[in-house]
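This report concerns only the one structure given below.
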Amino acid sequence: MNHIIMAFDRGVQMRKEIPLFKIGGLQLSAMPSAVAGWLLLWLALALIAVAAIGLTRGQAILGGALATVIHILSETAHQVGHAVAAGRTGFPMIGVRYWGVLSTSVYPAVEPDLPGVVHIRRALGGPVMSCGLGLAAMALTLLLGPADGVIFWLAAFAAVDNLLVLGLGAFLPLGFTDGSTLLRHWRVRQ
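In terms of this note's numbering, the sequence shown is residues 16 to 205.
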């Protein structure tokens, strides 16, 4: 999926990869940048909660931490979507590597030349999963309403994160996104 990042990671950075645990046959690991990214995300979300939403510092610190956990779980669900789609193609994923505040699908180092349609199917799995979760979180947000305070804002964050960042945002062709994979392999099909 993220060929630029994966190529970089195979070099010097591979030694710094931190194995986490296995989930459903996928080895989850994190680069040091993931830990830094998660801490910075927590800080940024806590500051936004104080400045824009008006939460107390204590609520903002807890809310920022919970929103960061929601983001990590959402990122993981996005990758599970890729894994399910990849498994259905017969060319499964083997892991997930977190970096910054994002992650990369990890496939076997040696795969045969795969037709573009396989790459396209694998790339679509993550955004489909994220959009589904985003719609569910949006429904929860609408059911709760702003009177539910921090819980409402956490549901709203989950909706925005999944729909706009991990769902629709994944289609932006930034070189390391699902959109780049789709564009590259769609062109080959034409």
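Note that beta-carbon positions come from the ideal geometry of N, C-alpha and C, so glycine has one too.
| Query | Result |
| --- | --- |
| Cα-Cα separation, residue 47 to residue 59 | 19 Å |
| Cross-strand partners of residue 36 (DSSP beta bridge) | 43 |
| Run of the beta strand (DSSP E) containing residue 110, from where it starts to where it stops | 110-114 |
| Contact belief for residue 181 with residue 90 at Cβ below 8 Å, rounded distance in angstroms | 7 Å |
| Cβ-based neighbour list, residue 194, same chain, cut-off 7 Å, excluding 5 preceding and 5 following | 185, 186, 187, 188 |
| Every unbroken alpha helix (DSSP H) within the segment 100-175, with a cutoff of 4 residues, ordered by chain | 131-159, 164-175 |
| Nearest residue (CA-CA) to residue 173, options 151, 69, 75, 131 | 151 |
| Buried or exposed (CB count within 10 angstroms, at least 16 for buried), residue 133 | buried |
| Whole-number beta carbon distance between residue 196 and residue 154, since they are thought to touch under 8 Å | No, residue 154 and residue 196 are not in contact; Cβ-Cβ is about 29 Å, not under 8 Å. |
| Residue 52, DSSP secondary structure in three states | helix |
| DSSP state of residue 192 mapped onto helix, strand, coil | coil |
| Proximity winner among 112, 84, 192, relative to residue 169 (alpha-carbon distances) | 84 |
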